[in-house]
Amino acid sequence: MADLETFRKETRVWLEANCPPEMRQAAETEDDTCWGGRKWTFQSEGQRLWLERMASKGWTVPEWPKEFGGGGLSRDEAKILRNEMRALGCRSPLDSFGIWMLGPALLKYGNEAQKRTHLPKIARGEIRWCQGYSEPGSGSDLASLQTRAEDKGDNFVVNGSKIWTSYADKADWIFCLVRTDTNAPKHEGISFVLFDMESPGVSTAPITLISGKSPFCQTFFDDVVVPKQNLVGELNKGWGIAKYLLTHEREMIGGMGMNGARHRSLGEVAADTVGMDDGTLGDPLLRSQIASFEVDSWAFSLTLDRAGDMAKVGQAHPAVSSVLKYYGAELNKRRMELMVAAGGSEALEWEGPRTRDGFTVRSWLRSKANSIEGGTSEVQLNIIAKRILNLPGA
Amino acid sequence: MALVLNSEQVMLRDNARGFLGKNAPIAHLRQLRDGRDPTGFSRKLWKEFAEMGWAGILVPTEYEGLGLGHVEAGVVMEELGRTLTPSPFLATSLLAATAIARAGSEAQKRAYLPRIAAGDLIATLAVDEAAKHHPEKSALSATRSGTGFVLKGAKTFVLDGHVADLVIVAARTAGIPGEQRGLTLFLVDGKAKGLKTERTPMVDNHNSARLDFENVSISADAVLGQVDAGWNAIEGALNVGRAAVAAELLGAAEEAFGRTVTYLKERKQFGRVIGEFQALQHRAAFLYCELEVSRSAILKALQTLDESFDTAGPIVSMAKAKAGTTATLAVQEAVQMHGGIGMTDEFDVGFFMKRVRVGQELFGDSNFHADKLARLNHY
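Line by line, the protein sequences give chains D and H. Counting with our numbering, you get residues 1 to 394 for the letters of the first sequence. Counting with our numbering, you get residues 1001 to 1379 for the letters of the second sequence.
And the structure:
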């Protein structure tokens, strides 16, 4: 414990000395946090410095081993780092799917060469990754995917199409599920491969969502040559990796809306629009919905903490990510419904500086995808029923 | 503190589960009810419970208790919730012991705490006066008379009030109903002259009473804590009760849920077990999520009482609010998914619905606590 206290003090001192002032203001737009990659343009010198300094300590990926660009911190130390960053209001130095999804999968399933090649570049923000999972014909039934990788000696040749590839147009590399055996049962003919998005035959087209512009793309592969050394894990065993990575994605979506800089609370927004009446909100029905939401929201944030603590002592159920994903997604949708209800007509403005181009209304619309992406809420409930409750034939 | 039970707490849970499963399963509650037992609980069981040390779970060791914390008290409450056991534990060992240990003089602690720990004294806290919980509105008056006081008024929903040897009563010595200031706690003998007790049999067959104070004279040394400044002691004891009832609700909800999931795997209709139907699977899975989320809230509330007692109010309110709605859903689903048999008195699942409804009401229901949180957050 004394060591942790020392670590806390040293961390605070270092952050105070090294976090540029402009990186201590709440991020308002997506680009306020660095996503890295070959195409990234730093918004400011502060953003560049902050990434460089944090990466040099391995603190963009605090818990990864030092040899792969991580900080080598224990779970407790990483928690202290997070808390100290929050206390100072530090932005994340680097956000990426490489950190959240591919990295953990490579650490578990990648070979030595793959870890040495890819992990340090993720940690330093040099390569930005996107995820090739869903296909136009394979949504909830992901394992039915049809993108093919044919064996051509030293290489695979990939043909097909992926959809909902976030930031495919900005990403440098893709981690992608492909079918390598068309005769095997659907879960047993899938492999997990990595390739450069600049490879000949890769093209992307943006998708506009109901919320307006979006990071999503459809991605097309036309005879894309992928060296076999980029196969992660064994041939036809990609589904296990895919599921492992999905648990990380689900926890990430589940935790959304629970961390980061908080904007105004629902109570504050509603107080402005409906006014106060003798110390309580002027709209008692809205007030009651907000209050019951806040009870659930607080209880859920503690559940994220408890899930972490249980994982640490080996008590976590392997399907707990489905609980977190389901609950977090539904909660975030509820929060956004209340946010537009509290905001009234002002929150419905789509454009203009007063609403930061309809930030609330667009976030509300975007939140509807929370219970679809990363496995729908219904799929999560199926998983809980089958794997946790052991109900038959789900 | 990590949000998991440590190994001693797990051992306590297993011991309590073993003890209650053996000595006080739901058949025990049924027997007390059907025999129309006038006390509504088993003194023999309570004595055995005390021999395990649990009656003094929160009583400091220097007063012959176990000196454990609120997490441990919650562990025992959760197990009492699973078996729906009527027990003086909540009123005596948690509410009264907290009030005396935190507000009492050395003489008061010496006089009562060892007897509570030994299972020799049944005690309770009397706060509510109306159908809905609202402690600030206490109006029962304590008027100075000579060197002592005279109590006049009535209390309701007093746990174990008809069998309590000692009643700790919240009375108004100043101010007006609605104000926190001006409330004082008094220690009153359960057999005091002018104190009329009436057992109020409730839907759950646990113990509750109405107490009428018809000019009950008490001496000055019956004051627990400070005159006019009893609010913190009242709220402190109530918060322990709220977190404890939240744990009990969780135990009852989990047991009802476990029985329901088992039933879904056994009951056949249309030629297959009903647990194959996705309509039921999704409701069961949703309920599982709610139970997990509630467990996190309750454990954190209990830990907060241990670590920072005086600032635990908000998180205790959150946990009680969450436990109430989750347990309500759990017992409703339990009866519905059991179908017709769930409606029969012969089948146990209805007992969970009855106890949960009372637990929801006890020390403020989910609406009371959500409202309290909203006020704390200025809306």
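Even glycine gets a Cβ: it sits at the ideal position worked out from N, Cα and C.
Selected residue, minimal CA-CA separation from residue i, among the options
{"i": "G153 of chain D", "options": "D:V226, D:I290, D:G37 and D:S265", "result": "D:V226"}
{"i": "Q114 of chain D", "options": "D:G358, D:N230 and D:M252", "result": "D:N230"}
{"i": "V193 of chain D", "options": "D:A26, D:T147, D:G343 and D:P215", "result": "D:T147"}
{"i": "A1123 of chain H", "options": "H:L1329, H:A1312, H:G1241 and H:V1167", "result": "H:V1167"}
{"i": "L1183 of chain H", "options": "H:A1171, H:H1282 and H:A1321", "result": "H:A1171"}
{"i": "A242 of chain D", "options": "D:Q218, D:A27 and D:Y109", "result": "D:Y109"}
{"i": "R82 of chain D", "options": "D:M101, D:W100, D:M336 and D:W59", "result": "D:W59"}
{"i": "S363 of chain D", "options": "D:M310, D:T29 and D:G254", "result": "D:T29"}
{"i": "V1335 of chain H", "options": "H:V1349, H:L1151 and H:E1079", "result": "H:V1349"}
{"i": "T1328 of chain H", "options": "H:S1366, H:E1307, H:A1301 and H:S1296", "result": "H:S1366"}
{"i": "N1023 of chain H", "options": "H:V1071, H:P1086 and H:I1057", "result": "H:P1086"}
{"i": "I1218 of chain H", "options": "H:G1146, H:N1207, H:M1011 and H:T1200", "result": "H:G1146"}
{"i": "L1211 of chain H", "options": "H:H1028, H:D1128 and H:L1029", "result": "H:D1128"}
{"i": "G139 of chain D", "options": "D:I372, D:K368 and D:W64", "result": "D:I372"}
{"i": "L1058 of chain H", "options": "H:G1275, H:L1291, H:F1351 and H:G1241", "result": "H:G1241"}
{"i": "E1079 of chain H", "options": "H:L1250, H:G1104, H:V1004 and H:I1176", "result": "H:L1250"}
{"i": "G1056 of chain H", "options": "H:R1082, H:P1038, H:D1037 and H:A1091", "result": "H:A1091"}
{"i": "G1018 of chain H", "options": "H:E1064, H:G1040, H:M1052 and H:Y1288", "result": "H:M1052"}
{"i": "D1120 of chain H", "options": "H:W1046, H:L1005 and H:A1285", "result": "H:W1046"}
{"i": "H1206 of chain H", "options": "H:E1333, H:L1084 and H:L1373", "result": "H:L1084"}
Inter-residue Cα distance where the pair is residue i and residue j
{"i": "G1069 of chain H", "j": "S1007 of chain H", "result": "14 Å"}
{"i": "E5 of chain D", "j": "V1203 of chain H", "result": "53 Å"}
{"i": "I174 of chain D", "j": "C130 of chain D", "result": "5 Å"}
{"i": "E1179 of chain H", "j": "A1154 of chain H", "result": "18 Å"}
{"i": "I1100 of chain H", "j": "E1062 of chain H", "result": "14 Å"}
{"i": "W239 of chain D", "j": "V224 of chain D", "result": "21 Å"}
{"i": "A1370 of chain H", "j": "Y1379 of chain H", "result": "11 Å"}
{"i": "E1254 of chain H", "j": "L1012 of chain H", "result": "18 Å"}
{"i": "A311 of chain D", "j": "P104 of chain D", "result": "15 Å"}
{"i": "E198 of chain D", "j": "F221 of chain D", "result": "11 Å"}
{"i": "N155 of chain D", "j": "K228 of chain D", "result": "5 Å"}
{"i": "R287 of chain D", "j": "A1297 of chain H", "result": "22 Å"}
{"i": "L348 of chain D", "j": "L381 of chain D", "result": "32 Å"}
{"i": "K57 of chain D", "j": "F7 of chain D", "result": "14 Å"}
Residue environment, residue i, which counts as buried when at least 16 other CB atoms sit within 10 Å
{"i": "H248 of chain D", "result": "buried"}
{"i": "S1093 of chain H", "result": "buried"}
{"i": "Q1031 of chain H", "result": "exposed"}
{"i": "I210 of chain D", "result": "exposed"}
{"i": "M1001 of chain H", "result": "exposed"}
{"i": "I1116 of chain H", "result": "buried"}
{"i": "A261 of chain D", "result": "Residue placement at A261 of chain D cannot be trusted, given a pLDDT of 43 that sits under 50; the coordinates are not used to answer."}
{"i": "A1107 of chain H", "result": "exposed"}
{"i": "S1392 of chain H", "result": "Nothing can be reported for residue 1392 of chain H: it is not among the residues displayed for chain H, which extend from 1001 to 1379."}
{"i": "F1270 of chain H", "result": "exposed"}
{"i": "Q1303 of chain H", "result": "buried"}
{"i": "T1325 of chain H", "result": "buried"}
{"i": "R1272 of chain H", "result": "exposed"}
{"i": "A171 of chain D", "result": "buried"}
{"i": "V313 of chain D", "result": "exposed"}
{"i": "W1054 of chain H", "result": "buried"}
{"i": "E1290 of chain H", "result": "buried"}
{"i": "E330 of chain D", "result": "buried"}
Contact list for residue i against chain D, beta-carbon separation under 7 Å
{"i": "F1286 of chain H", "result": "L381"}
{"i": "D1371 of chain H", "result": "A291"}
{"i": "M1318 of chain H", "result": "V295, W298 and A299"}
{"i": "K1300 of chain H", "result": "L302"}
{"i": "L1264 of chain H", "result": "L391"}
7 Å Cβ cut-off: residues of chain H touching residue i
{"i": "F300 of chain D", "result": "V1293"}
{"i": "Q411 of chain D", "result": "Residue 411 of chain D lies beyond the range of chain D shown here (1 to 394); nothing can be said about it."}
Chain D residues whose Cβ lies nearer than 8 Å to that of residue i
{"i": "N1377 of chain H", "result": "S265, G267 and E294"}
Cross-chain neighbours of residue i in chain D, by beta carbon under 9 Å
{"i": "V1004 of chain H", "result": "R306, D309, M310, K312, V313 and Q315"}
{"i": "E1276 of chain H", "result": "L391, P392, G393 and A394"}
{"i": "S1296 of chain H", "result": "A299, F300, S301, L302, T303, L304, D305, R306 and A307"}
message = If contact is defined by three or more beta carbon pairs under 8 Å, each pair taking one atom from either stretch, is the stretch 1182 to 1190 of chain H in contact with the stretch 1218 to 1226 of chain H?
response = yes
Stretch-stretch touch, CB-based, cutoff 8 Å, three pairs: the stretch 158 to 170 of chain D with the stretch 59 to 75 of chain D = no
ask   = Are the stretch 1242 to 1250 of chain H and the stretch 1311 to 1329 of chain H in contact at 8 Å, needing three or more beta carbon pairs?
value = yes
ask   = Taking three-plus beta-carbon pairs below 8 Å as touching, is the stretch 1338 to 1356 of chain H in contact with the stretch 1301 to 1319 of chain H?
value = no
ask   = Would the stretch 376 to 389 of chain D and the stretch 323 to 334 of chain D be scored as touching if the rule is three or more Cβ pairs under 8 Å?
value = yes
Any 3 or more C-beta pairs closer than 8 Å across the stretch 11 to 30 of chain D and the stretch 341 to 355 of chain D = no
message = Quick test of the definition: if touching needs 3 or more C-beta pairs under 8 Å, does the stretch 26 to 42 of chain D touch the stretch 63 to 72 of chain D?
response = no
ask   = Does the stretch 12 to 26 of chain D touch the stretch 41 to 50 of chain D, meaning 3 or more C-beta pairs lie closer than 8 Å?
value = yes
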